[in-house]
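Working notes for the structure below.
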Amino acid sequence: MTSIPLKAIAFALLRELALALLLLLGVSFVVFAILYAAPGDQFSVLLEGQLPSEEVRAGIRAAMGVAQTWYGQYFSWLLNVLNGNFGTSVRTGQPVAGVLLNASLNTLYLTLGSMFVTLAVAVPIALYSSVRGHLAVISWPLTMLGYLFSALPVFWLGYIAIYISIHGFNFFPLSSSSQTPGQHDWLYTLVPVLVLGLGSGTISEVIRNLREEMSRVMADDYIRTARAKGASVWRHAFKEGLLLPVTEIVASKIPFLLGGAVIVEQIFNWPGMGRMAWQAAQDRDFPVIMGIVLAAAAFVRLGSLIQRMIHIAVNPQGARD
Amino acid sequence: MQNVKTYSQTNIEVGQFSQLPLRQKYAIADLLYVAYGLLIVALVLVSYILGMFDLLPHDPQQIHMDMLLAPPASNGYLLGTDFMGRDILSRLIMGIQAYFLPGLLAISIALTGGVVLGILAGYCDRKTETMITYFTNLVDSFPRLVLILLVIAAFKPDIYYIMVVMGITGVPAVATAIANKIRYLAHKNFIEAAVALGLRTRVIIFKHILWYNCRALLIIQATLGMGEAILLETSLSYLGFGVQEPMPSWGNMVQSGANYFLQGNFWPSTAPALAILFTILGFNLLGDGLNNILEDRRGR
Amino acid sequence: MSAAMTQPLLKIDNLRTYFYARSKQSFVRAVDGVSLEVGQRETVGVVGESGSGKSITAMSVMGLIGAGPGVIGGSIHYASHRVKKNLLEGLENFIDIETENGRVMKVRKNESGWQHASERLMSDLRGKEIAMIFQNPRASLNPYITVGEQITEAVRLHTACKSAKEARERALYWLEQVKMDSPRLRFNAYPSAMSGGMCQRVMIAMALSSEPSLLIADEPTTGLDATIQSKIIELLEELKQDTGISTLLISHDIGVISRLSDRVAVMYGGAVVEYGSAQSVLDINAAIKHPYTAALLASVPSEQKIHEKANLQTIEGDVLDTINVPPGCRFHARCNQVTPEIREKCASHHPELIEVAPGHQMRCWRFVS
Chain Z
3 MTSIPLKAIA FALLRELALA LLLLLGVSFV VFAILYAAPG DQFSVLLEGQ
53 LPSEEVRAGI RAAMGVAQTW YGQYFSWLLN VLNGNFGTSV RTGQPVAGVL
103 LNASLNTLYL TLGSMFVTLA VAVPIALYSS VRGHLAVISW PLTMLGYLFS
153 ALPVFWLGYI AIYISIHGFN FFPLSSSSQT PGQHDWLYTL VPVLVLGLGS
203 GTISEVIRNL REEMSRVMAD DYIRTARAKG ASVWRHAFKE GLLLPVTEIV
253 ASKIPFLLGG AVIVEQIFNW PGMGRMAWQA AQDRDFPVIM GIVLAAAAFV
303 RLGSLIQRMI HIAVNPQGAR D
Chain A
73 MQNVKTYSQT NIEVGQFSQL PLRQKYAIAD LLYVAYGLLI VALVLVSYIL
123 GMFDLLPHDP QQIHMDMLLA PPASNGYLLG TDFMGRDILS RLIMGIQAYF
173 LPGLLAISIA LTGGVVLGIL AGYCDRKTET MITYFTNLVD SFPRLVLILL
223 VIAAFKPDIY YIMVVMGITG VPAVATAIAN KIRYLAHKNF IEAAVALGLR
273 TRVIIFKHIL WYNCRALLII QATLGMGEAI LLETSLSYLG FGVQEPMPSW
323 GNMVQSGANY FLQGNFWPST APALAILFTI LGFNLLGDGL NNILEDRRGR
Chain W
33 MSAAMTQPLL KIDNLRTYFY ARSKQSFVRA VDGVSLEVGQ RETVGVVGES
83 GSGKSITAMS VMGLIGAGPG VIGGSIHYAS HRVKKNLLEG LENFIDIETE
133 NGRVMKVRKN ESGWQHASER LMSDLRGKEI AMIFQNPRAS LNPYITVGEQ
183 ITEAVRLHTA CKSAKEARER ALYWLEQVKM DSPRLRFNAY PSAMSGGMCQ
233 RVMIAMALSS EPSLLIADEP TTGLDATIQS KIIELLEELK QDTGISTLLI
283 SHDIGVISRL SDRVAVMYGG AVVEYGSAQS VLDINAAIKH PYTAALLASV
333 PSEQKIHEKA NLQTIEGDVL DTINVPPGCR FHARCNQVTP EIREKCASHH
383 PELIEVAPGH QMRCWRFVS
């Protein structure tokens, strides 16, 4: 029905993809820089971990004399990383990549779930108070509640949740992910998701942002035309007032949620990247934490890429910008 | 759902906007936010100074085996004692030491870096702007906590290293805010007019852009940034990095009280958690309230 | 042509729309007792300077006033062959007014009740019976939806054409009617790809495609290039002939008003000051003329004056402050035709709108015997 300039869109998408890759390259460089600057010859430790066997290691140690320049080391490290070789954990001796994959899926589950919770709470509040304007007195207590939740330290919220579920529901939501699958297993996963969703501090910002955007759009001329036309105002305001701002803020809050995940995973013993990161920092297990940082940054950029793609698909002018 | 509004015109001299009393000028909510926020800032400052000079009601490390887990307002311990009989109030006050100076360091770095980059991005050519945008997107790609854990793993868990990282990761927010502001001013031909008037670039940037137009923005970024710094420091010390027992930090206080919490002794964990809550709330409300008052002119 | 023969399509009676300035704690009397009519098949032009209340009058008719207190009094009778109602029916129940010396000093309004009642009254009229087009057409179209889709939306909402295919045909028909070049191509374009003039054509197509009885055009040519303005006026003239639609045309441009209107209402300070046929109102040499209309007409330079390079005629004084409304005639401070006999009356009493000739109304103490 509507003809979208396909060529322009495809071009814009490719451009976004290229940008994302370029940024990931930058991320890898930053990580490498920290690796390189770290005291204690971390690099060799990492490199040794990345190589398959003792003889090869010995051989490479000799050949290392060749690749003494930092960019040489960077490229060899980067090649390894791109091949999926993140080295081996200093603590367990296991290759990082395998464990990381599992853990990242768990964290993905947690992050997506909590994002859903945040939106489920914030979107209705934002819409209600923006569409009603100042007419709704009830919006103020809700806003206040949003602020309170944002300032709440998520670790404390976690304990409250545990306490309530133990004493209120006879429910032990700790480290149940690795147990034998039971009927109500998914319920166990609800608690950390809820905690991260409510406690990550993003609710009040999302509310504020969405409300501003929606109010701004509602005051726009083309909405006035829609009203004069007798058309559904919601249908016209939805794209710019809800869809675009929501995707934008979700994409921008991913780093935040990942940070919160570290704490929530630690409290609930959730086998995700966050808990791994905490463990790794304590053990100075560099390869592990390095892999996690790379994975986390990749998540962030992926989210941003998806958001940009939605933006382009919805907004015909976006293809041209 | 009745919603009755009353509009009345008094016979007062219809005067200028600024002559109206504060209450009518600004939304009352914003004034309350700012008042509360300022109160919190004052409390933090005072507590910092008290802690610095050790002017505490009790010794924060002193164990009183006879007064374990005392509730608030018992026997001269205003906020009660924790599971080792230590005075909670004194520990809370001392806990501010853990984040105050480091937090200031973080926001100074963020503001300085942000201002420099923001001005470069807003004022200079497209190429510079693109480079700076790349840089800000790059920094934004890292989740703060995870990056700090990386730095801890690579170097050492020194709070100052951590706050430097915190400062750097705070640069994008400030830089984009300033760059946007400059773009807005440029769109309004403000900058063109200044140049046409013959003002030197340095004057335009420092006096007109930064001081007149951006100072509200910077204050708000500073308050919000401090709130974030507190959250970060407490999260880190909760996780076990940063200030170590028996030195108190709000985060490690919550952590050590965790087991007792689950057993039903809520207070040792709750007191520092509430302190975190109300302090961060204060900074956030201060930032938001100031934003509404100074920037949006929502006060009509 | 006389609207008195049959019941007028739109009859606005003593409409009052106020706003409230928080910063000054007082009412902004944007529309303060406006009465005018639009008859069947006629175009009524409303002319006045910025701030005279003409746009607000139009928005009040459509029920699009959002700010408070909004419409607080009067009646708007609408009578087409399909619908007959007072658009402000029963709304006074939600409003409580206190006056002092004839001036409104306090308004209590049940916002939600009023809005609900107003919606119930207006929802089947908007777009279907009364359509409105605005100034700044590019900003008034949804940038995220194609132009064709926006027109088909109107068609499907308000006419019997419900299927997508039929609606598309109708939309294309209307695009042709508004003289859009390559309508099939433009159908799938977005507003950002079109010029202001083209967007205004789209808006007109969108408005007319739902086959309304009344078209309200709020400054349709403002913001467009001069040559495009002319084209749009031509288009409106043609459409007027072809469809026989009644129009309430609002503009500050006398040229536009004179080309299109059958009757003209001149507004100043929130009230109609002169109202009659286009010939009598816009005739610069007529004996019966409101001082403001006279000044307005005189300010448009004629060929001869341009040739002579004479100075532009201006109207002395400042735009009326709709907050501090003077007690007497609103134009008094700027009027250059005050005579000593009526000076006191002009300063203290607000004149009524009275008929000075058949079909010609005037609000001025000079014409009250």
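Going down the list, the sequences are from chains Z, A and W.
Quick note on the numbering used here: the first sequence kicks off at 3 and runs consecutively.
Quick note on the numbering used here: the second sequence kicks off at 73 and runs consecutively.
Quick note on the numbering used here: the third sequence kicks off at 33 and runs consecutively.
Ideal Cβ positions, reconstructed from N, Cα and C, are used throughout, including at glycine.
Neighbours of Q133 (chain A) across chain W, judged by C-beta separation under 9 Å, do not exist; the nearest C-beta is about 56 Å away.
DSSP places H392 (chain W) inside the beta strand (DSSP E), whose first and last residues are H392 to M394. Where N363 (chain A) is concerned, there is no enclosing alpha helix (DSSP H), because DSSP gives it neither an H nor an E.
Contacts with chain Z (Cβ-Cβ distance below 7 Å) from the region 220-232 of chain A involve L221, L222, V223, I224, A225, A226 and F227, listed in chain order.
In the three-state reduction of the DSSP assignment, Y222 (chain W) falls in the coil class, being assigned neither a helical nor a strand state. CA-CA distance, L120 (chain W) to L260 (chain Z), rounds to 55 Å. Here the C-alpha atom of D294 (chain W) lies approximately 12 Å from the C-alpha atom of G391 (chain W). The C-beta of W146 (chain W) has 16 or more other C-beta atoms within 10 Å across all chains shown, which makes the residue buried. The Cβ neighbour count for I166 (chain Z), taken over all protein chains shown within 10 Å, is under 16; the residue is labelled exposed. Per DSSP, the unbroken alpha helix (DSSP H) holding T89 (chain W) starts and ends at K86 to M94.
DSSP lists W:A111 as the bridge partner or partners of K116 (chain W). The contact set of V316 (chain Z) on chain W, defined by CB atoms closer than 7 Å, consists of Y176 in chain order. Here the C-alpha atom of T153 (chain A) lies approximately 48 Å from the C-alpha atom of S306 (chain Z). A Cβ of chain W is located within less than 8 Å of the beta carbon of V76 (chain A). The region 165-181 of chain A makes contact with the region 297-304 of chain A; the number of CB pairs closer than 8 Å reaches 3 or more.
Across the structure, E348 (chain W) and R366 (chain W) are spaced so that their CA atoms are roughly 6 Å apart. The alpha-carbon separation between G274 (chain Z) and E305 (chain A) amounts to approximately 22 Å. In the DSSP annotation of this structure, T346 (chain W) is not part of any beta strand (DSSP E), being labelled neither H nor E. Around the beta-carbon of M216 (chain Z), 16 or more other beta-carbon atoms lie within 10 Å, marking it buried. Any Cβ of chain Z closer than 8 Å to the Cβ of T202 (chain A) would place that residue at the interface, and such an atom is absent. Between R291 (chain W) and E269 (chain W) a beta carbon distance of about 7 Å is seen, short of the 8 Å cut, so the two are scored as contacting. Secondary structure note for A279 (chain Z): its alpha helix (DSSP H) is the uninterrupted segment M275 to D285.
Using beta-carbon distances, H169 (chain Z) does not count as an interface residue toward chain W, since no partner is under 8 Å. DSSP, read as helix, strand or coil, puts D128 (chain W) in strand. If the five residues before and after Y232 (chain A) are omitted, its C-beta is found closer than 8 Å to the C-beta atoms of P174 and L177, all from its own chain and listed in chain order.
Counting only the Cα atoms, L271 (chain A) lies some 45 Å from S119 (chain A).
In chain order, G314 place their CB closer than 6 Å to the CB of L308 (chain A), counting only its own chain and leaving out the 5 sequence neighbours on each side. Cβ proximity to chain Z below 8 Å picks out G299, L303, T306, S307, Y310 and L311 from the region 278-311 of chain A. At the C-beta level, Q167 (chain W) and D285 (chain W) stay beyond 8 Å of one another.
For Y165 (chain Z), the closest Cβ of chain A is nearer than 8 Å. From the beta-carbon of N168 (chain W), the residues of chain Z found nearer than 8 Å are D223. Those residues of the region 280-295 of chain Z placed with their C-beta closer than 9 Å to a C-beta in chain A are W280, A282, A283, Q284, D285, R286, D287, F288, V290, I291, M292, I294 and V295, ordered along the chain. Identification of chain Z residues near R158 (chain W) by a Cβ-Cβ cut-off of 8 Å yields R229, A230, K231 and G232, ordered along the chain. M94 (chain W) reaches chain Z at A230, counting residues in chain order whose Cβ is nearer than 7 Å. Between the region 209-221 of chain W and the region 234-244 of chain W there are three or more C-beta pairs closer than 8 Å, enough to call the two in contact.
Residue pairing by DSSP places P97 (chain Z) opposite Z:T90 in a beta bridge.
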